[in-house]
RNA sequence: GCGCCGGUAGCUCAGCUGGAUAGAGCACCAGACUUCGAAUCUGGGGGUCGGGGGUUCGAAUCCCUCCCGGCGCGCCA
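Residue numbers (the working numbering): 2 to 603.
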């Protein structure tokens, strides 16, 4: 279950950004509440939301039900009192009390036109929020081992982390995108030995089959060739202790270049690539972190119970160096040193997260694969320990991706390097399809990724449906130019023309539904960012596109509802302004998801 | 045995941090192309929100418990 993160809402009459209609009305509602039960009341639970049933007005508030106890009144009575206060507000046209004490608000008609005007004025900045208050957030994602190409599961983490970082930045956080390079464990020594074989191969030696336990993939052949070109035969005369660091460094560098290329194909980029090895080689940060924790009593020498239900045959009861993670809610204390005295992965991970704390981050988000789920509690415990309880770590687990083609599973065996790489998938179906499809699902649900379906051009394929909405909007502008040749090509130019539009002429039910959806966007952004849930953006865009397609089609049977109306320039301009609002929001949301917003899709 | 993640329409999934009569797509049935793009749209049937308790004005949502599926369970990363 995802941790509950309080959704920050402006308190009382805090001035809302002019384009944020819901925040504005919330402030008005809270002010009205304060007039009824006093300014000291706790209004944090008072919310304003769109009712499910459009017959209940434009917005509804739970204020009376939430505050009834504190006010010492019945919810209905309190609702009537608050409603009376709200009736004085010129923005609110109608106030009804309904059900157990809901207050339903119908806004004055001009509000929607003004909301659209705010969209046009803000342009690409529409929906941008300040709830992040420029607070620093570290988002760590991908962090795939530098031992080979990325596979599809890595891709999901990459896309999720990237979209989440985009979303947080748009919501006003100061975001750092980080990749932790696991370049210190045993697996990079295996990588080095594997590359060394390819090096000998490049020198002309017949190395035969790649032995078990080494990486067999062809992607190491260029590493061997590069080593041969740079080093000649020099390495063959060295003992392993000498050639291994050289080969390892070269192999890691080339693997990281490959991974960066794979990420670039998905338009995923990071600000910081943090080397695990640097924690040891640039002064022993891991040892220092352990020492600090030992001084505060959080590290001790002790024995652990053998794990229940696991295989106990190789269990050796011995005293070891343990971190007291149980003090922070973990199930057992966790070892920091292996039996050979080297650091566990957990130990360097603590030092790594301490470096985030030292770099000023109080908010960290780690994106991990689902198989690391058992690791969350100890890591959160460690973050609390190294920050003195001041930093928060949220871990987003990205579930498995099942790769299918027309419903049939695609083999993903890692054996002999024959797994389907992320790059192959991106090359086949394109960046936008991969990204949207992976984001059109909660991160903690298993994802079926069907190579045949994601390139299908139909309503069944959400990415095309949404992109088509954007293209269709642009198409309306193209067609409008035959009537109105002076219609500017650029969004900015059009925004200027639409600035004087008679938006009060947008009074059809379909138009109003779209206007209301657009007005919801800033609230959606804040909620999605606060919950760390980029998939909400994808679903919102689908809904907006659906309303647009639906309204567009109404114009077939009812020509007076079309966007371009001959002999009524005023109405046409107003309706084109609405299309501009749709296109602006679709483009904004797609950009957050990293998906292209095409102008045409023929 | 313990922990984490799931369980919502036949299938794939949403459900806005506890709101009103639980939604969408697919599939199925019935309709709309001398059109600003039919890559679209309109209508219809279809639900014990895994089961059972609890919390309260109100629960798919929070708590407890059980069932089913996935992942994990010193020194691998």
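Glycine included, every Cβ here is placed at the ideal spot set by N, Cα and C.
Status (buried if at least 16 other CB within 10 Å, exposed otherwise) for residue i
i: residue 446; result: exposed
i: residue 567; result: exposed
i: residue 25; result: buried
i: residue 218; result: buried
i: residue 131; result: exposed
i: residue 333; result: exposed
i: residue 357; result: buried
i: residue 439; result: buried
i: residue 39; result: exposed
i: residue 210; result: exposed
i: residue 480; result: exposed
i: residue 59; result: buried
i: residue 523; result: buried
i: residue 385; result: buried
i: residue 330; result: exposed
i: residue 486; result: exposed
i: residue 1; result: Missing from the structure shown is residue 1; the chain here goes from 2 to 603 and no further.
i: residue 238; result: exposed
i: residue 234; result: exposed
Whether residue i touches residue j by CB criterion (8 Å)
i: residue 364; j: residue 138; result: yes
i: residue 525; j: residue 117; result: no
i: residue 564; j: residue 576; result: yes
i: residue 153; j: residue 421; result: yes
i: residue 274; j: residue 353; result: no
i: residue 216; j: residue 298; result: no
i: residue 193; j: residue 145; result: no
i: residue 403; j: residue 452; result: no
i: residue 76; j: residue 101; result: yes
i: residue 67; j: residue 47; result: yes
i: residue 368; j: residue 142; result: yes
i: residue 400; j: residue 434; result: no
i: residue 494; j: residue 121; result: no
i: residue 160; j: residue 436; result: yes
i: residue 542; j: residue 591; result: yes
i: residue 349; j: residue 287; result: yes
i: residue 258; j: residue 424; result: no
i: residue 574; j: residue 475; result: no
i: residue 571; j: residue 503; result: yes
i: residue 36; j: residue 86; result: yes
i: residue 347; j: residue 379; result: yes
Per DSSP, the bridge partner or partners of residue i
i: residue 60; result: 106
i: residue 369; result: 398
i: residue 152; result: 422
i: residue 381; result: Residue 381 pairs with nothing; no bridge assigned.
i: residue 67; result: None; residue 67 has no bridge partner.
i: residue 1; result: No information on residue 1 is available, as it lies outside the stretch 2 to 603 that the chain covers here.
i: residue 321; result: 303
i: residue 54; result: For residue 54, which the question treats as bridged, DSSP gives no partner whatsoever.
i: residue 450; result: 404
i: residue 335; result: 324
Neighbourhood of residue i by C-beta, 7 Å cutoff - its chain only, sequence neighbours within 5 removed
i: residue 134; result: 173
i: residue 166; result: 140, 176 and 178
i: residue 268; result: 432 and 595
i: residue 602; result: 468, 469 and 472
i: residue 64; result: 30, 34, 47, 83 and 104
i: residue 164; result: 440, 535, 593, 594 and 595
i: residue 190; result: 245 and 249
i: residue 301; result: 323 and 325
i: residue 266; result: 424, 427 and 432
i: residue 224; result: 196, 199, 251, 252 and 255
Cβ neighbours of residue i in the same chain (closer than 6 Å, five flanking residues each side left out)
i: residue 338; result: 322
i: residue 468; result: 599
i: residue 470; result: 546, 549 and 587
i: residue 484; result: 565
i: residue 72; result: 38 and 79
Neighbourhood of residue i by C-beta distance below 8 Å, restricted to the same chain and skipping five residues each side
i: residue 513; result: 113 and 507
i: residue 124; result: 492, 493, 496 and 585
i: residue 393; result: 363, 364, 365 and 384
Closer than 7 Å: residue i CB and nearest the ligand HEM heavy atom
i: residue 564; result: Although the ligand HEM was asked about, the structure shown includes no ligands whatsoever.
Alpha helix (DSSP H) runs wholly inside the segment 532–596, at least 4 long, in chain order: Fully enclosed alpha helix (DSSP H) runs of 4 or longer: 536–558 and 570–594.
Continuous alpha helix (DSSP H) assignments of at least 4 residues falling wholly in the segment 455–486: Within the segment 455–486, the complete alpha helix (DSSP H) runs of at least 4 residues are 463–484.
Minimum length 4: unbroken alpha helix (DSSP H) runs contained in the segment 160–209: List check, alpha helix (DSSP H) in window: 187–203.
3 or more residues per run - each beta strand (DSSP E) lying fully within the segment 239–311: Counting whole runs of 3 or more residues, the segment 239–311 contains the beta strand (DSSP E) stretches 273–276 and 300–303.
Secondary structure, alpha helix (DSSP H): runs of 4+ residues fully inside the segment 72–122: Whole alpha helix (DSSP H) segments, 4+ residues: 76–87.
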